[in-house]
Ligand code: MN
């Protein structure tokens, strides 16, 4: 596939993250205004779909009214035939061949990306974070448990924890260092700010079509129930996590923030980069054996240490390193009857590649805090410090075009010292 040319000139550059081939969905407001509008990104602009709905562009009233909502959930509820029809219609209307009158009408709905504020695009009722990266699972076993082998269940199913939807935030939201309990060795437990604050390089699959309570999802249907993908940073407080996680799994060590990139890239935009997951190292039970897709998406992690001038790349990885696909995660999630809703997200788990430059967390990059990362700015880091900014980036590179995700960024703020009249720590 090659670049699809648009009359929005900025969309035709080979490095533009939002060419006509992409058309990701998000929710924006104009700077200084409160109203949130559904939008797609094209070139250096957002196309306001709520305004577009005031013209006769959408044949269906259902589509126009879905775009009057302040999240994309109502649009997702309309189902896959509507998603695909709308994508086709928008691609035709924004293509370089579109009639001039149509171009003029759409031009009035364009807003420069520099003049919009992006919001969480979904009302998320369920967020589960998987552990589907093979290299990450192997590395964390070695670092945390001193184990040479994977957990006994790992090769048999995509394992996960149930995350918090209430603390999912969009890119740019500051992340406050969490307070919590930790324990070092056999010492008494302490209460203090997290000392080992980390990121996790992940992608989220957005569930487009839900399932009914008590009803499993057919493996052959799962892939088409996924609407698209975003970048996801599962911020992690390693010391809090390590003390609390047994036997029920991560809790407050992961519950203080999870950052999502603002634009949902549709599965169809990623189709040229699709590949089957590798055959499993150990046979899977039949309900999981449909495998599904991963994508050749270049992922990067950039760190701007407190006081530094600019971001520096500290890791590069790729979505294709995942062992389990989002379709397998979705089938497994619903197999016991758990309800899945449109707008739910499935975190992939940390996506580390096979070599150290591709590790997707500081836990792995500093090997449990033993090998500080040396940055060209002169800074050293084992874990994140207050004032550090961290950004995930994702780009799939085609022949003369790029499918980008927009940034997934957050800056670390100091832990609170007191609440009400209570001093929490000093
Ligand atoms: Mn995670």
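Numbering (the numbering used here), first residue to last: 8 to 433. C-beta atoms are modelled at their ideal positions from N, C-alpha and C, and glycine is treated no differently.
Look at the alpha carbon of residue 403 and the alpha carbon of residue 268, and state the distance between them as a whole number of angstroms. 15 Å
So the candidates are 320, 332, 180 and 275; which of them puts its Cα closest to the Cα of residue 263? Cα-wise, what sits closest to residue 263 is 180.
Option nearest residue 242 by Cα separation, candidates 233, 278 and 210: 210
Are residue 101 and residue 113 closer than 8 Å when you measure CB to CB? yes
Just the Cα atoms here: how many angstroms apart are residue 379 and residue 388? 5 Å
Among all the DSSP beta bridges, which residues are the ones paired with residue 388? 380
Whose CA, out of 238, 70, 286 and 49, lies closest to the CA of residue 120? Shortest Cα-Cα distance from residue 120 to any of 238, 70, 286 and 49 involves 49.
Coarse secondary structure for residue 263, derived from DSSP in three states: In the structure shown, residue 263 adopts coil according to DSSP, grouped into three states.
By how many angstroms is the C-alpha of residue 151 removed from the C-alpha of residue 254? 15 Å
Please confirm whether residue 478 and residue 354 have their CB atoms less than 8 Å apart. Any question about residue 478 goes unanswered here, given that the chain covers just 8 to 433.
Scan the stretch 133–219 and note each continuous beta strand (DSSP E) run of 3 residues or more that stays entirely inside, going in chain order. 134–137, 167–169, 175–177, 186–189, 197–200 and 208–214
Check whether the Cβ of residue 356 lies closer than 7 Å to any heavy atom of ligand 1, and answer yes or no. yes
Residue 223, DSSP secondary structure in three states: coil
Is the beta carbon of residue 234 sitting closer than 8 Å to the one on residue 83? yes
Cβ-based burial, residue 245 [other Cβ within 10 Å; buried from 16]: buried
For a test of the three-state rule: what should DSSP assign to residue 406, helix, strand or coil? DSSP places residue 406 in strand when its eight states are reduced to three.
For a test of your reading of the model: does the CB of residue 209 fall under 7 Å from any non-hydrogen atom of ligand 1? Yes or no. yes
If I measure Cβ to Cβ from residue 364 and keep anything under 8 Å in the same chain, skipping five residues before and after, which residues do I get? 322 and 323
Taking all protein chains shown into account, decide if residue 207 is buried (16 or more other Cβ within 10 angstroms of its Cβ) or exposed. buried
Sort out for me which residues DSSP pairs residue 301 with in a bridge. 282
Under a three-way DSSP split, which group does residue 106 fall into? coil
Quick check on the DSSP output: what are the complete alpha helix (DSSP H) runs of length 4 or more inside the stretch 35–101, in order along the chain? 56–59, 68–73, 80–84 and 87–100
Hey, residue 298 and residue 280: beta-carbon distance below 8 Å or not? no
Please report the residue range of the beta strand (DSSP E) in which residue 371 lies. Careful: residue 371 lies outside any beta strand (DSSP E), inside the alpha helix (DSSP H) at 369–372.
Assuming residue 339 is part of the beta strand (DSSP E), what are its boundary residues? Where residue 339 is concerned, there is no enclosing beta strand (DSSP E), although the alpha helix (DSSP H) it sits in stretches over 333–341.
With DSSP as the reference, please indicate the residues paired to residue 415 in a beta bridge. 399
Please state whether DSSP places residue 352 in a helix, a strand or coil. strand
Alpha carbon to alpha carbon, how far is residue 60 from residue 81? Give it in angstroms, no decimals. 14 Å
For ligand 1, any of its heavy atoms closer than 7 Å to the Cβ of residue 136? yes
On a Cα-Cα basis, can you pick out the residue from 326, 369 and 73 that is closest to residue 360? 326
Taking 7 Å as the limit between beta carbons, can you name the residues of its chain near residue 92, skipping five residues before and five after? none
For the stretch 141–149 and the stretch 103–118, state whether three or more C-beta atom pairs, one from each stretch, are separated by less than 8 Å. no
Would residue 421 pass as a contact of residue 393 if the rule is Cβ separation under 8 Å? yes
Endpoints, beta strand (DSSP E) assigned at residue 251: Segment 245–251 is the alpha helix (DSSP H) holding residue 251; no beta strand (DSSP E) there.
Ligand 1 heavy atom lying under 7 Å from the CB of residue 351: no
Proximal residues to residue 202 (C-beta, below 8 Å), its chain only, five neighbours per side dropped: 189, 246 and 390
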